[in-house]
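Engineer:
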Amino acid sequence: MSGAGAAHDRTPQVLFPPPYHVPGPDGPWEEVQERIERTGRAVVHTTWGQWLTPVLLDPGLRTLLGRDWPRYRQHPAPDGRLGIAVSRMVLKHTAAAALQVPAERLDLASLPGGRPVLRGLGEDLQVSLSHTDELIVVGVGRSGPVGVDAEPAGRRISFEAMRDHVCTAREAELLAALPEEERTEGFLRLWTLKEAYTKALGHGMRRRFSAVGFEWDATGTVRLTEDTSGQWSFATHLVEGRFLVSEAHRRDAAPEVPEGTGAPSPADGSARPPSAEPPQGARVIGFPGRRQGSGP
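Printed below as a string of structure tokens:
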């Protein structure tokens, strides 16, 4: 891992576009479809409030919730019921956009430990869900496992109390050398990256975070220490100016595009090149040290 100061002065390479904001079930979803066709993965973010009314007024809510309907109806807390409904709807609509099928055709289930999976139609699509405060983040991947995690950027986690549970010896050494404010921010970024990685593996908190090591090069690009083949890629973005969202993705194979749903041709004017700048409110985050600006 490079020294802490090197990451302060350079902008990290952007391997992921910033999470895409979708304000409701009606989308727009075209960008999600394009990201899947272009890279095999997509991550979206939204808030409970933006989706709550259309979700509750949807006459097809029972069908869309599917096997989650009994859990939704029987949950003792109103907030819990709403959380189940909205988060599942965001996940299903995102997966439907990636697959270009109606959301009601998808069957969403959970593995032991809570990892969401699709059954039957779309079962090869990897999905991941995270929510914190009012933010909801969903990741989908056709080319390999995907994991997402989100935390409020201002959350305070005690480095002294948690470092042995979260950090490798090298990570703890680099963080300890930083000023307190930068150490707190860097530790939270590291936490969300490890959450995203273990979610992608389907392990969640069952895998010791201190057994998973990350390295950062001089540009701030993050790499999994044990990933000698370079299959994994990671990023952390600041979303809406107040949430850290980390993503992990393992590329197992080239993305497969369903027959008849190829990427639009530039000749018809419908294709859009990737944006050179992240949209306002989302920027890439390097480590360790100060927050970095937007990448190329």
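FYI, the numbering for the sequence shown is 346 to 641, going by this note's numbering. Backbone N, C-alpha and C fix where the C-beta goes; we use that ideal spot for every residue, glycine too. Owing to the predicted nature of the structure, the values given are computational and were not obtained by experimental measurement.
Alpha carbon to alpha carbon, how far is G428 from D478? Give it in angstroms, no decimals.
Structural biologist: Their backbone Cα atoms lie some 11 Å apart in a straight line.
Engineer: Does E530 come out as helix, strand or coil in the three-state DSSP assignment?
Structural biologist: DSSP places E530 in helix when its eight states are reduced to three.
Engineer: Kindly give me the distance between the Cβ atoms of S591 and A556, rounded to whole angstroms, as I take these residues to be in contact under 8 Å.
Structural biologist: Not a contact, Cβ separation roughly 18 Å.
Engineer: Just confirm the distance between the C-beta atoms of V435 and I502, as a whole number of angstroms; I'd bet it's less than 8 Å.
Structural biologist: Actually they are not in contact, since the Cβ atoms of V435 and I502 sit about 26 Å apart, beyond 8 Å.
Engineer: So T439 packs on V400, CB below 8 Å; how close in whole Å?
Structural biologist: At roughly 14 Å, the Cβ-Cβ gap does not stay under 8 Å, so T439 and V400 are not in contact.
Engineer: Taking C-beta to C-beta, are G547 and R464 nearer than 8 Å?
Structural biologist: Cβ atoms of G547 and R464: not closer than 8 Å.
Engineer: For D509, which of helix, strand or coil comes out of DSSP?
Structural biologist: D509: helix per DSSP, three-state reduction.
Engineer: Considering only the beta carbon of each residue, do V431 and W374 sit closer than 8 Å?
Structural biologist: Taking 8 Å as the Cβ cut-off, V431 and W374 do not qualify as a contacting pair.
Engineer: Would you kindly check if the distance between the Cβ of L444 and the Cβ of G411 is under 8 Å?
Structural biologist: The answer is no: Cβ separation not under 8 Å.
Engineer: Straight-line CA distance for T398 to A495?
Structural biologist: Taking the straight line joining both Cα atoms gives about 23 Å.
Engineer: Exposed or buried, which one is G586 when buried takes at least 16 other CB atoms within 10 Å?
Structural biologist: The residue is exposed, with fewer than 16 neighbouring Cβ atoms inside 10 Å.
Engineer: Taking L519 as the reference, give the member of F532, H510, T391 with the closest Cα.
Structural biologist: Among F532, H510, T391, the Cα nearest to that of L519 is on F532.
Engineer: Could you give the uninterrupted runs of the alpha helix (DSSP H) lying entirely in the segment 374-412, keeping only those of 4 residues or more?
Structural biologist: If we require 4 residues or more, the alpha helix (DSSP H) runs fully inside the segment 374-412 come out as 375-384, 393-402, 406-410.
Engineer: If you draw a straight line from the C-alpha of A442 to the C-alpha of R568, how long is it?
Structural biologist: About 30 Å.
Engineer: Which residue wins for smallest C-alpha separation from L583, given the options P497, P415, L470?
Structural biologist: That would be P497, whose Cα lies nearest to the Cα of L583.
Engineer: Quick check: what's the CA-CA separation for D452 versus R433?
Structural biologist: When rounded, the distance between both Cα atoms is 11 Å.
Engineer: Which whole-angstrom value is the C-beta distance of L589 and R528, which I expect to be below 8 Å?
Structural biologist: Rounded, the Cβ-Cβ distance is 15 Å, inconsistent with contact.
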